[in-house]
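Visitor: With the first letter of the sequence shown counted as 1, position 436 gets the number 468 in the numbering used here; the numbers rise by one all the way through. Idealized CB from N, CA, C, for every residue including glycine. Mind having a look at this structure? Questions to follow.
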Amino acid sequence: MKKYFSENEWQIIENGFDPAFHESAESIFSIGNGKMGQRGMFEEQYSGKSLQGSYVAGVYYPDKTRVGWWKNGYPEYFAKVLNSPNWIGMNILIDDEVLDLAKVKVSNFKRVLDMQNGLLQRSFQAAFSGGKQIAVNVERFVSCTHDEMACIRYQIKPINFSGKLTWSNFVDGLVKNMDSNYDEIFWDRVAEVAEAKHLAIQVKTKKLDFSVAAGFEINCFEDQELQQEIKTTSKPWHANADWQINMQEGKTYTVEKFVSVVSSLNYDAANLFSACKSNTNQAIQLGYDALRALQINYWQKLWSNCDIKIEGDIAAQQGIRFNIFQLSQTYTGVDERLNIGPKGFTGEKYGGSTYWDTEAYCIPFYLGTSDPKISKQLLNYRYKQLPKAIENAAKLGFVKGAALYPMVTMNGEECHNEWEITFEEIHRNGAIAYAIYNYENYTDDKSYRAEGGAEVLTGIARFWAQRITWSENKKQYVMLGVTGPNEYENNINNNWYTNYIACWCLKFTAQVLTEWKQTDAAAYESFVAKVAFDETTELAKWKHIFDNMFFPYDENANVFLQQEGYMDKEQLLASDLNPAERPINQHWSWDRILRSCFIKQADVLQGLFLFEDHFDLATLKNNFDFYEPRTVHESSLSPCIHVIQAAKLGYQEKAYELYLRTARLDLDDYNHEVHEGLHITSMAGTWMGVVMGFGGMRVIDGLLSFAPMLPKQWKGFSFTICFKGAVIKVQVQDKKVDLVLVTGNPITVQLFNEKIQLN
Ligand code: BGC
């Protein structure tokens, strides 16, 4: 859907209404605040195709697994992010005709996501039978300062008639997940409230005991005049506030809806109604304009730390801001029980579950743009789930505290149920250890070791030590039956990336434990006792593995081999593919994909990205030149890694092309799937694409360095980096790079090869 939305630096704009794009637009116009979020659907009835989706962070449902052939070790359920009570609902009747954009004649339609201020706006005119016309203006936001509140201001003006307006505002709990395996509704009804002003419903999950209440109060106005004639009612699952009035031509009729959504994650289920009521009371007292002003202020402050400004290229500018905006409204770091789902609050497939995406992609974004506390929350999340990771490994036959973190999880239990991923895509364990390294390297803060980090690393190292096996044939260690990051090939032997990160985990864990023993012997000793760490034997075994591991290499192509046997495949390039057959995952059989040489996402190159400083530039170049042309980038996580490497290698055009692909992946729907939701986690990769790619930012041995390059399409760009208590602004203009210390103590950084002191 190339260029359906207009380009603008701070806004996403849909000009004109095309029902064919409605579900895609619903994804694009999603709004949230870390605690809840929803797709950009219409408030009023819409009988066309739509994915009504409102989600509450941390509230999920264990949907009974659906698989063809059961394999021992499969999880019993797949956790689904729960489509929760619909709180935006309104039915609007104009002289008894329903306002439904699939039925009336729509003109002057405009929908705007104002990213600078965190507001979603819409305006249009609707013509009913007999030529009656109304003009509509709507604005809504999910409050970021009061994260259990949301507000809507909906305005109707009859243009050429006077007539009857019947306006029914509601919350509705009878909602269903589109991706429900057995077409079930996951909610049970609890109760409804219809007081003089306050309306609410409460529902409860059929399993797991999550409860959610959603409530609201409204203010109705004829022009500026507040109206009192509101009738409240309820029926099972549903609570309603009706307003009826005889409209006068040319006057404006407004409903302000003040909403609260609360869950049993934060309250006793018995107190949800009162929490909801106290929120809606507070919201209505503050008033729409005050809450809106707070929202604007919040976003302006947030942008001052994480905005990236690109001059001379509106498409690129809009792309990066869209990515930063969506990411920032998905995860705010206030609650260590929450994480970042690949689709955040914007859709159901992949939903709100946690993947390796968090550690490999999102943590660098949060490290660079916010207080380290936020990244630490994400580390803590994994520590809290360590016991389940140990249980998970034990189910697969691993012993003595070996930990295998799940591929997909909500509460630490594995949810994924395809053997080639569940049991084999184990490289995810490496990313979790890497995030600890990244955090320490970036912040110098080693406190996480004693707070559980050492246990996490040890669990992971123990897993690798058991999963790697000795080959008598090769007289080296090997790793059999894995799936690398490239999911377009499964059950392979010696995936270079997995072998590399596994060995690195063993080395890093050994180094951390040895160092920690020296710096904090008491804490180390209690850790040894807690996890029954057999220092001599375990460290020796780990060392033997990393000193004797097999890494596949191809002498002819002079590259690390993605896996043994890769060169036996017919060697084609992505440019040989028929464009009509792309993306191949929507056109080819799975079997054909598996037998092809095409790579879904960075695999060897993912390793060279994480461990760039272990290799020289020539190695990066050889591998990039070989693998990138074979990569079809059908995972959203792919292009960004290649942007960073292309920029490093001076391949400006390639870097720019791939940058647009990652930054505008959803806006231009490169993978033809945006209707399912946005690619939230890869948005952090887009940020890395600018900052690490074009900005050339690295942190090596605790030193922050930059080596910027300016794509020829840009006049300049600038970004801000939070680093060790300092905030540094980097401005790149033609041949000039300015580094400015915005706040914090003087700090030494490196620009190209020169060390500079910023005061
Ligand atoms: C990718 C995985 C990723 C998942 C969720 C898949 O398509 O191949 O690497 O973790 O999407 O983003």
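If we call anything under 8 Å between Cβ atoms a contact, is Ser-296 one with Phe-242?
Guide: As a first step, residue 296 must be located in the sequence shown, where it is residue number 264. As a first step, residue 242 must be located in the sequence shown, where it is residue number 210. Yes.
Visitor: Tell me whether Leu-411 counts as near the ligand BGC, meaning its Cβ is closer than 7 Å to at least one heavy atom of that ligand.
Guide: Numbered from its first residue, the sequence shown carries residue 411 at position 379. No, the ligand BGC has no heavy atom inside 7 Å of this Cβ.
Visitor: Given the structure, does Leu-642 come close to the ligand BGC, in the sense that its CB is under 7 Å from one of the ligand's heavy atoms?
Guide: Position 610 of the sequence shown, counted from the first residue, corresponds to residue 642. Leu-642 Cβ: outside cutoff for every heavy atom of the ligand BGC.
Visitor: Give me the Cβ distance between Val-636 and Phe-592, rounded to the nearest whole Å; I'm assuming they're in contact under 8 Å.
Guide: Your numbering for residue 636 matches position 604 in the sequence shown. Your numbering for residue 592 matches position 560 in the sequence shown. Going by Cβ atoms, the distance from Val-636 to Phe-592 rounds to 5 Å, so yes, they are a contact pair.
Visitor: Would you mind working out which of Pro-740, Glu-519 and Val-560 sits nearest Asp-623, comparing C-alpha positions?
Guide: By one-based count along the sequence shown, residue 623 stands at place 591. Cα-wise, what sits closest to Asp-623 is Glu-519.
Visitor: So does the stretch 234 to 248 actually touch the stretch 279 to 286, counting three or more Cβ pairs closer than 8 Å?
Guide: No: fewer than three Cβ pairs fall under 8 Å.
Visitor: In the DSSP assignment, find the unbroken alpha helix (DSSP H) run with Gln-638 in it and report its ends.
Guide: Translated into the one-based positions of the sequence shown, residue 638 becomes position 606. Start and end: 636 to 642.
Visitor: DSSP state of Glu-786, grouped into three classes?
Guide: By one-based count along the sequence shown, residue 786 stands at place 754. Note: Glu-786 maps to strand in three-state DSSP.
Visitor: Nearer than 7 Å: is that true of the beta carbon of Ser-667 relative to any heavy atom of the ligand SAM?
Guide: Judged by which ligands are present, the ligand SAM is missing from the structure shown, whose ligands are the ligand BGC.
Visitor: Helix, strand or coil: which one does DSSP assign to Trp-620?
Guide: Numbered from 1 along the sequence shown, position 588 holds the residue referred to as residue 620. Of the three classes helix, strand and coil, the one that applies to Trp-620 here is coil, per DSSP.
Visitor: If you drop the 5 nearest sequence neighbours on each side, which residues of the same chain put their C-beta closer than 6 Å to that of Cys-793?
Guide: Because the chain here runs from 33 to 791, residue 793 falls outside it and cannot be looked at.
Visitor: Out of Asn-104, Gln-148 and Met-68, which has the shortest C-alpha to C-alpha gap to Gln-43?
Guide: Here the question's residue 43 lines up with position 11 in the sequence shown. Answer by Cα proximity: Gln-148.
Visitor: For the stretch 410 to 469, which segments carrying the alpha helix (DSSP H) assignment without a break, of at least 4 residues, lie completely within its bounds, in sequence order?
Guide: The stretch 410 to 469 contains these whole alpha helix (DSSP H) runs: 418 to 427 and 451 to 454.
Visitor: Ordered along the chain, which non-local residues of its own chain (more than five positions away) have a Cβ less than 8 Å from that of Val-203?
Guide: Walking along the sequence shown from the start, residue 203 turns up at place 171. If we look at Val-203 and ignore the five residues flanking it on each side, its Cβ neighbours are Pro-117, Asn-118, Trp-119, Gly-121, Leu-231, Ala-232, Ile-233, Ala-246, Gly-247, Phe-248, His-270, Ala-271 and Val-291.
Visitor: In the stretch 197 to 228, which residue ranges form an unbroken beta strand (DSSP E) of at least 3 residues, counting only runs that do not cross its ends?
Guide: Fully enclosed beta strand (DSSP E) runs of 3 or longer: 219 to 226.
Visitor: State the DSSP-derived secondary structure class of Met-741, mapped to helix, strand or coil.
Guide: On the sequence shown, position 709 is the one that residue 741 refers to. Met-741: coil per DSSP, three-state reduction.
Visitor: If you pair each beta-carbon of the stretch 372 to 387 with each one of the stretch 86 to 104, do three or more pairs fall below 8 Å?
Guide: Verdict: yes, contact present.
Visitor: Distance check for Glu-58 and Met-33, CA to CA, integer angstroms please.
Guide: Sequence index remark: in the sequence shown, residue 33 carries index 1 (1-based). Sequence index remark: in the sequence shown, residue 58 carries index 26 (1-based). Any reading at Met-33 must be qualified, since the residue scores a pLDDT of 48, below 50, and its modelled position is unreliable; no value is offered.
Visitor: Unbroken beta strand (DSSP E) runs of length 3 or more, entirely within the stretch 244 to 281: which are they?
Guide: Listed in chain order, the complete beta strand (DSSP E) runs (minimum 3 residues) inside the stretch 244 to 281 are 257 to 259, 262 to 267 and 270 to 279.
Visitor: Write down the C-beta distance between Ala-426 and Gly-444 rounded to the nearest angstrom, noting that I regard them as a contact closer than 8 Å.
Guide: As a position in the sequence shown, residue 426 is number 394, starting the count at 1. As a position in the sequence shown, residue 444 is number 412, starting the count at 1. Contact doesn't hold; Cβ gap of about 13 Å is too wide.
Visitor: With DSSP run on the structure shown, which of helix, strand or coil describes Met-33?
Guide: The sequence position of residue 33 within the sequence shown is 1, counting from 1. A caution first: Met-33 carries a pLDDT of 48, below 50, which makes its placement in the model unreliable, though a value can still be read off. Note: Met-33 maps to coil in three-state DSSP.
Visitor: Between Gly-48 and Gln-765, what straight-line distance do the alpha-carbon atoms span, to the nearest angstrom?
Guide: Here residue 48 refers to the residue found at position 16 of the sequence shown. Here residue 765 refers to the residue found at position 733 of the sequence shown. Their Cα atoms are separated by approximately 37 Å.
Visitor: How about Leu-131 and Gln-77: do their beta carbons lie closer than 8 Å?
Guide: One-based indexing of the sequence shown puts residue 131 at position 99. One-based indexing of the sequence shown puts residue 77 at position 45. Yes; because the gap between Cβ atoms is below 8 Å, this pair is in contact.
Visitor: With a threshold of 7 Å (Cβ to nearest heavy atom), would Pro-438 be considered close to the ligand BGC?
Guide: Within the sequence shown, the letter at position 406 stands for residue 438. No.
Visitor: Please report the Cβ distance between Met-720 and Ala-679, rounded to the nearest whole angstrom; I am assuming they are in contact, meaning their Cβ atoms lie under 8 Å.
Guide: Reading the sequence shown from its first residue, position 688 is the one you call residue 720. Reading the sequence shown from its first residue, position 647 is the one you call residue 679. Contact flag wrong, Cβ pair sits at about 11 Å.
Visitor: DSSP beta-bridge partners for Phe-193?
Guide: For the purposes of this step, residue 193 is identified with residue 161 of the sequence shown, where counting begins at 1. Phe-193 is not bridged to any residue.
Visitor: Can you list, in chain order, the residues of its chain with a C-beta nearer than 7 Å to that of Cys-672? Leave out the 5 residues immediately preceding and following it.
Guide: Residue mapping note: residue 672 aligns to position 640 of the sequence shown, counting from 1. Closer than 7 Å at the Cβ level, and outside the excluded window around Cys-672, lie Thr-694, Ser-714, Gly-717, Thr-718, Met-720 and Gly-721.
Visitor: Under three-state DSSP, which class holds Gln-43?
Guide: Within the sequence shown, numbered from 1, the residue matching residue 43 stands at position 11. Looking at Gln-43 - three-state DSSP - the assignment turns out to be strand.
Visitor: Verify whether the separation of the beta carbon atoms of Phe-641 and Ala-606 is less than 8 Å.
Guide: Locating residue 641 in the sequence shown gives position 609, where the first residue counts as 1. Locating residue 606 in the sequence shown gives position 574, where the first residue counts as 1. Going by C-beta atoms, Phe-641 is not nearer than 8 Å to Ala-606.
Visitor: Return the residue from the list Ala-572, Val-772, Glu-391 and Val-235 that minimises the CA-CA distance to Gln-409.
Guide: The residue labelled residue 409 in the question sits at position 377 within the sequence shown. Out of Ala-572, Val-772, Glu-391 and Val-235, Glu-391 has the C-alpha closest to the C-alpha of Gln-409.
Visitor: Taking the continuous beta strand (DSSP E) assigned at Tyr-659, which residues delimit it?
Guide: Sequence index remark: in the sequence shown, residue 659 carries index 627 (1-based). Segment 649 to 659 is the alpha helix (DSSP H) holding Tyr-659; no beta strand (DSSP E) there.
Visitor: Kindly indicate which residue of Arg-143, Ala-634, Thr-97 and Ala-167 has the alpha-carbon position closest to the one of Val-136.
Guide: Mapped onto the sequence shown, residue 136 falls at position 104. Checking every option, the nearest Cα to that of Val-136 belongs to Ala-167.
Visitor: Taking the alpha carbon of Ala-435 as the reference point, which residue from Gln-603, Phe-74 and Phe-455 has its own alpha carbon closest?
Guide: Position 403 of the sequence shown, counted from the first residue, corresponds to residue 435. For Ala-435, the nearest C-alpha among the options comes from Phe-455.
Visitor: Could you compute how far the alpha carbon of Met-181 sits from the alpha carbon of Thr-569?
Guide: Position 149 of the sequence shown holds residue 181. Position 537 of the sequence shown holds residue 569. Between Met-181 and Thr-569, the C-alpha separation is close to 55 Å.
Visitor: If you follow the alpha helix (DSSP H) that Cys-754 is part of, which residue opens it and which one closes it?
Guide: Translated into the one-based positions of the sequence shown, residue 754 becomes position 722. Element bounds for Cys-754: not the alpha helix (DSSP H) but the beta strand (DSSP E), 748 to 755.
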